[in-house]
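**Student:** In the numbering used here, the protein residues as written are 50 to 167. A virtual CB, placed ideally from N, CA and C, is assigned to each residue, including glycine.
This is how it looks when you write it as structure tokens:
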């Protein structure tokens with residue numbers, strides 16, 4: 050399955066949010082998308098983030114190294130997880146684009162420190 054097919058299978062706000070974030074993550078941040086564990090995941094050297102459908106027609110933008118991020122924007126919620134932190138989004142109009150771009154950039158800096166798997 051491709052990320053595009055995943056998006057086509059969604060409805061309402063979930064479809065709009067995933068479509069918007071997918072375009073932003075791939076075009077603006079040059080992340081490579083792949084379907085893993087039945088959801089879109091994005092990587093460069095390692096897995097950086099993923100988009101996970103949640104209840105109430107929302108999407109969580111989750112960062113695998115979330116606990117290592119500064120969270121200066123105050124948006125990341127770890128929900129009791131040891132490493133992953135994310136942002137729950139329910140409406141494409143409410144997406145804090147500038148803050149998300151800052152978080153993605155910080156996650157990409159951490160990704161650069163990962164040793165490339167050979």
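(1) Can you give me the start and stop residues for the beta strand (DSSP E) that residue 53 sits inside?
(2) From residue 92 to residue 139, what does the alpha carbon distance come to, in whole angstroms?
(3) How big is the Cα-Cα spacing for residue 158 and residue 151?
(4) Among 76, 71, 77, 142, which has the Cα closest to the Cα of residue 111?
(5) Are the C-beta atoms of residue 99 and some chain C residue less than 8 Å apart?
(6) Between the beta-carbon of residue 141 and the beta-carbon of residue 86, is there less than 8 Å?
(7) Can you name the start and end residues of the beta strand (DSSP E) that residue 137 belongs to?
**Tutor:** Let's see:
(1) Taken as a continuous stretch (DSSP letters only), residue 53 belongs to no beta strand (DSSP E), being part of the alpha helix (DSSP H) at 52 to 57.
(2) 24 Å
(3) 11 Å
(4) 71
(5) The structure shown contains no chain C, having only a single protein chain.
(6) no
(7) 134 to 138
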